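Down below is the structure, laid out as structure tokens.
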Amino acid sequence: MVLAQRAIASMDLDPIQIGIVPESGPNRVGLVGLPVWMWVDSPTDDTFGPITASASEGSVSVSATASVSNIVWDMGGGTTVTCTGKGTPYADHYGKQDSPTCGHRYEKMSTDQPDGAYQVTATSHWAVEWTGGGQSGTIEFDLTTDALPIRIGEAQVLTQ
Numbered sequence: 367m368v369l370a371q372r373a374i375a376s377m378d379l380d381p382i383q384i385g386i387v388p389e390s391g392p393n394r395v396g397l398v399g400l401p402v403w404m405w406v407d408s409p410t411d412d413t414f415g416p417i418t419a420s421a422s423e424g425s426v427s428v429s430a431t432a433s434v435s436n437i438v439w440d441m442g443g444g445t446t447v448t449c450t451g452k453g454t455p456y457a458d459h460y461g462k463q464d465s466p467t468c469g470h471r472y473e474k475m476s477t478d479q480p481d482g483a484y485q486v487t488a489t490s491h492w493a494v495e496w497t498g499g500g501q502s503g504t505i506e507f508d509l510t511t512d513a514l515p516i517r518i519g520e521a522q523v524l525t526q
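The numbering used here puts the first residue of the sequence shown at 367, with every later residue one more than the last.
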């Protein structure tokens with residue numbers, strides 16, 4: 367178990383990079399009722415897996431393979447969305463359709479949220495299968511991103 371922990375530590379795992387539309391930024395605003403797309407931006411072995419490492423002491427060697435089993439997206443305002451897989455990066459040709467793999471729709475503007483934005487985080491749930499020294503097991507843990515502010519407004523319809 368100690369060797370398994372050492373193998374995991376050597377992997378230097380990190381939270382994912384958040385990919386999301388609408389984008390975060392001072393001049394970016396999504397709209398109530400329109401789809402939000404979430405995905406793992408530029409996934410690497412150390413942010414999504416699978417990644418394998420080993421550790422040895424004396425004649426005992428342990429091999430461990432880590433991968434993300436799911437991602438829990440905290441959309442702010444008390445809503446979470448659990449997605450398996452990396453999600454689908456948004457592209458303009460998708461228009462207003464829902465993400466086929468990982469999405470959400472806000473029902474309220476973000477004006478009553480801290481700093482007027484939903485604070486979105488993504489928590490990667492890692493599962494590590496290890497074996498060695500006549501033993502095997504699974505170690506699970508979570509890595510969470512820093513919050514990303516997403517502003518959601520309402521479309522105003524003007525009539526003349």
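Glycine residues also receive a C-beta, built at the ideal position from the N, C-alpha and C atoms.
Note that the coordinates shown come from a computational prediction; the quantities given were computed from them, not determined experimentally.
Apply the 10 Å Cβ neighbour rule to Gly399 and answer buried if 16 or more other Cβ atoms are within range, or exposed otherwise. exposed
Return the first residue and the last residue of the beta strand (DSSP E) that Met377 is part of. First-last for Met377: 368–377, but that is the alpha helix (DSSP H), not the beta strand (DSSP E).
Using CA atoms only, rank isn't needed, just tell me which of Met404, Asp412, Leu397 is closest to Leu379. Asp412
Comparing alpha-carbon positions, which option in Lys474, Ser490, Thr511, Asp458 lies nearest Val387? Asp458
Which of the three DSSP states, helix, strand or coil, is assigned to Asp464? coil
What are the residues that DSSP puts in a beta bridge with Gln485? Pro515
Note down, in chain order, each residue of its chain lying with its Cβ closer than 8 Å to the Cβ of Val426, except the 5 sequence neighbours on either side. Leu369, Gly498, Gly499
How about His491 and Ser422: do their beta carbons lie closer than 7 Å? no
Establish whether the CB of Pro455 and some CB of chain D are separated by less than 7 Å. Chain labels in this structure do not include chain D; a single protein chain is all it has.
Answer yes or no: do Gly461 and Met404 have a C-beta to C-beta separation smaller than 7 Å? no
Fully enclosed by the stretch 392–438, which beta strand (DSSP E) runs are 3 residues long or longer? 401–407, 417–423
Counting pairs of Cβ atoms below 8 Å between the stretch 389–396 and the stretch 509–525, do you hit three or more? yes
In three-state terms, what does DSSP make of Asp478? coil
Which residue comes first and which comes last in the beta strand (DSSP E) that contains Ile505? 501–510
Do the CB positions of Gly469 and Pro401 come within less than 7 Å of each other? yes
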